[in-house]
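Novice: Residue numbers (full-length UniProt numbering), protein chains in the order written: chain A, 1 to 261; chain B, 1 to 261.
1) Please decide whether residue 157 of chain B counts as near chain A, where near means a Cβ-Cβ distance under 8 Å.
2) Quick check: the Cα distance between residue 259 of chain A and residue 219 of chain A, rounded to an integer number of angstroms?
3) Measuring only the C-alpha atoms, how far is residue 270 of chain B from residue 228 of chain B?
4) Measuring alpha carbon to alpha carbon, tell me which of B:35, B:26 and B:28 ends up nearest residue 6 of chain B.
5) So that I know if they touch, is there some Cβ in chain A lying closer than 8 Å to that of residue 242 of chain B?
6) Evaluate residue 2 of chain A with the Cβ neighbour count: other Cβ atoms within 10 Å of its Cβ, from every protein chain shown; 16 or more gives buried, anything less gives exposed.
7) What would DSSP say about residue 8 of chain A, mapped onto helix, strand or coil?
8) Does DSSP classify residue 17 of chain A as helix, strand or coil?
9) By DSSP's criteria, residue 144 of chain B is part of a beta bridge. Which residues make up the other side?
10) Rounding to the nearest angstrom, what Cα-Cα distance links residue 236 of chain B and residue 103 of chain A in this structure?
11) Can you grab the Cα-Cα spacing for the pair residue 76 of chain B / residue 234 of chain A, in whole Å?
12) Taking 8 Å as the CB-CB limit, is residue 15 of chain A close to chain B?
13) For chain B, is any of its Cβ atoms less than 8 Å away from the one on residue 97 of chain A?
14) Relative to the C-alpha of residue 186 of chain A, which candidate in B:118, B:126 and B:199 has its C-alpha closest?
15) What would DSSP say about residue 160 of chain B, mapped onto helix, strand or coil?
16) So which of B:168, B:100, B:128 and B:80 has the shortest CA-CA distance to residue 69 of chain B?
17) So which residues of chain D does residue 41 of chain B contact, with C-beta pairs closer than 8 Å?
18) Three or more C-beta pairs under 8 Å: does that hold for the stretch 17-36 of chain A against the stretch 38-47 of chain B?
19) Can you say whether residue 71 of chain B is buried or exposed, counting buried as having 16 or more other CB atoms within 10 angstroms of its CB?
20) Flag this pair as touching only if the stretch 126-138 of chain A and the stretch 83-95 of chain A have three or more C-beta atom pairs under 8 Å; answer yes or no.
21) Hey, how far is the Cα of residue 238 of chain A from the Cα of residue 232 of chain A?
22) In angstroms, rounded to a whole number, what distance separates the CA positions of residue 201 of chain A and residue 244 of chain A?
23) Helix, strand or coil for residue 242 of chain A, going by three-state DSSP, please let me know.
24) Name, please, each residue of chain B whose Cβ falls closer than 7 Å to the Cβ of residue 102 of chain A.
25) Of all Cβ atoms in chain B, is any one closer than 8 Å to the Cβ of residue 29 of chain A?
26) Quick one: any contact between the stretch 149-163 of chain A and the stretch 107-116 of chain A, if contact means 3 or more CB pairs under 8 Å?
27) If you scan the stretch 39-112 of chain B from start to end, which runs of the alpha helix (DSSP H) of 4 or more residues do you find wholly inside it?
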């Protein structure tokens, strides 16, 4: 199968992530899930709850990548402005989606909570948007053009992703191989660069680490052609042996990371 | 003291962070440290090890915010291209910095490792850049204009930040108050929005959570005026009581987060 380049990007919306108080957990999930589907995460922007910043990020990434995912800012409170910003980014009206109203009305009728104006805000989407099902807490996400708008709470975001993953165009699955060793990066660099030059289709990254027994480096190879990936990994193993090291498969237990250049 | 608006941004460089395999730990550190100094983190971009993407992000953020910090991509291997990209972003030559050469030569002489070309790459900086000391592993970071270039490894990044923090222009310290309760966001939203309207200088965020005993929401207030912050927090507490809830100070132990709209 021919490899189709399918790319993704992510806009993480929220002052709490920017301030460092809340750690984002959605990139790790999305990055891994998409890689399995052959979709490469190419850029992430974390922006505050400010209209201009959200609109700018969504427009820039929507024009550049196959998909944009956004997380955060779709709840009932004043700081939840994502849907309104996406409507402005696409220059369409914000409307109350009839199906979202129906789902939410039934949900609050069952729970006994009042279906007030704040909660009705969660039914607002840009005109023309398609709802994304939220099996966890009912309030839906949506898609407009190539932009998927998800909740920020990881469990809900993951459920929303699961409900749309079948829609996504797949690329050739991106596989990886990790070879570690106890050599310094500066010792490996020249030979590693030469391997990278011979395998332009394989992405080779070098990541130093520190373990109780000393320092080392993990070499991560990524690509869509299993044979080429295996060949490149074999060359990296041979390089390590040539330099007097011992290639270790996978990634060792890490301690406090420390450079070993 | 008059509040000076001082802003910051961060460019996280690295395929490994984008793929979700490596979790960034630098935003959490920088966001918290800068907030204490009254410097607000306004935007983060995570970009791959691709020249155009790095250059674009650095130029965009350098023009917009008081400071740009970058993390990652300053080691000796082929995938470490940050210094070269920053030189291109500022349209200056990449040079071997004499003091960086001296520090690294002494370091490798002492360790017995060869000071080879790959390791000499770690002395390369854009012409006109000022070195940033690296007490952990010697290879320096640098600053050019309003851009600080740091290592990606958290321990090294933090040491680099410590060595330059005295240079940064401080703003009025940003304080926060957190009030939690067991009410749903949809119940609080109207009253909370009204408090936000009365306190335009206070940033009020609403973050739902799920604990073993049920759901709840943390309301985080941020601002530079302690009195106003206290008044706004008191109004939020009063709102919670008016709605039949009980204001809890700080943030409760969290379980798997779940929305409570």
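The C-beta atom is built at its ideal place from N, Cα and C for all residues, glycine as well.
Specialist: Taking the definition as stated:
1) In the second chain, counting from the first residue as 1, residue 157 of chain B sits at position 157. Not closer than 8 Å to any Cβ of chain A, the Cβ of residue 157 of chain B fails to qualify, so no.
2) Here residue 259 of chain A refers to the residue found at position 259 when the first chain is read from its first residue. Here residue 219 of chain A refers to the residue found at position 219 when the first chain is read from its first residue. At residue 259 of chain A, the pLDDT of 45 sits below 50, so the modelled position is not reliable and the matter cannot be decided from this model.
3) Absent from the model: residue 270 of chain B. The displayed extent of chain B is 1 to 261, so no value can be given.
4) Stepping through the second chain from its first residue, residue 6 of chain B is reached at position 6. Answer by Cα proximity: B:35.
5) Numbered from its first residue, the second chain carries residue 242 of chain B at position 242. Using beta-carbon distances, residue 242 of chain B does not count as an interface residue toward chain A, since no partner is under 8 Å.
6) As a first step, residue 2 of chain A must be located in the first chain, where it is residue number 2. Confidence in residue 2 of chain A is poor, its pLDDT being 46 and thus under 50, which makes the residue's placement unreliable; the coordinate value appears in the next sentence. When all chains shown are included, residue 2 of chain A counts as exposed.
7) Within the first chain, the letter at position 8 stands for residue 8 of chain A. Judged by DSSP in its simplified three-state form, residue 8 of chain A adopts strand.
8) Indexing the first chain from 1 puts residue 17 of chain A at position 17. In this structure, residue 17 of chain A counts as helix in the three-state DSSP scheme.
9) For the purposes of this step, residue 144 of chain B is identified with residue 144 of the second chain, where counting begins at 1. DSSP lists B:147 as partners of residue 144 of chain B.
10) Here residue 236 of chain B corresponds to residue number 236 of the second chain, with the count starting at 1. Here residue 103 of chain A corresponds to residue number 103 of the first chain, with the count starting at 1. Residue 236 of chain B and residue 103 of chain A have their C-alpha atoms some 30 Å from each other.
11) On the second chain, residue 76 of chain B is found 76 positions in, with the first residue counted as 1. On the first chain, residue 234 of chain A is found 234 positions in, with the first residue counted as 1. Those two C-alpha atoms are separated by around 22 Å.
12) Walking along the first chain from the start, residue 15 of chain A turns up at place 15. Interface residue, yes.
13) The residue labelled residue 97 of chain A in the question sits at position 97 within the first chain. No, no contact with chain B.
14) Numbered from its first residue, the first chain carries residue 186 of chain A at position 186. When each option's Cα is compared against that of residue 186 of chain A, the closest is B:118.
15) Mapped onto the second chain, residue 160 of chain B falls at position 160. In this structure, residue 160 of chain B counts as helix in the three-state DSSP scheme.
16) Along the second chain, read from residue 1 onward, the residue named residue 69 of chain B stands at position 69. Relative to residue 69 of chain B, the option among B:168, B:100, B:128 and B:80 whose CA is nearest is B:168.
17) Among the protein chains of the structure shown, namely A and B, there is no chain D.
18) Three or more Cβ pairs drawn from the stretch 17-36 of chain A and the stretch 38-47 of chain B lie within less than 8 Å of each other, which places the two stretches in contact.
19) Sequence index remark: in the second chain, residue 71 of chain B carries index 71 (1-based). With 16 or more other Cβ atoms within 10 Å, it is buried.
20) Taking one beta carbon from each stretch, the stretch 126-138 of chain A and the stretch 83-95 of chain A have 3 or more pairs nearer than 8 Å; the two touch.
21) As a first step, residue 238 of chain A is located in the first chain; it is residue number 238 there, counting from the start. As a first step, residue 232 of chain A is located in the first chain; it is residue number 232 there, counting from the start. Approximately 10 Å between the Cα atoms of the pair.
22) Within the first chain, the letter at position 201 stands for residue 201 of chain A. Within the first chain, the letter at position 244 stands for residue 244 of chain A. Distance between the alpha carbons of residue 201 of chain A and residue 244 of chain A: 27 Å.
23) Within the first chain, residue 242 of chain A is the residue found at index 242, counting from 1. DSSP places residue 242 of chain A in helix when its eight states are reduced to three.
24) As a first step, residue 102 of chain A must be located in the first chain, where it is residue number 102. Within chain B, no C-beta atom comes nearer than 7 Å to that of residue 102 of chain A; the closest sits roughly 16 Å away.
25) For the purposes of this step, residue 29 of chain A is identified with residue 29 of the first chain, where counting begins at 1. True, the Cβ-Cβ gap to chain B drops below 8 Å.
26) The count of Cβ pairs closer than 8 Å, one atom from the stretch 149-163 of chain A and one from the stretch 107-116 of chain A, stays below three, leaving the stretches out of contact.
27) For secondary structure counted as the alpha helix (DSSP H) over 4 or more consecutive residues, the stretch 39-112 of chain B holds these complete runs in sequence order: 51-64, 82-89 and 98-111.
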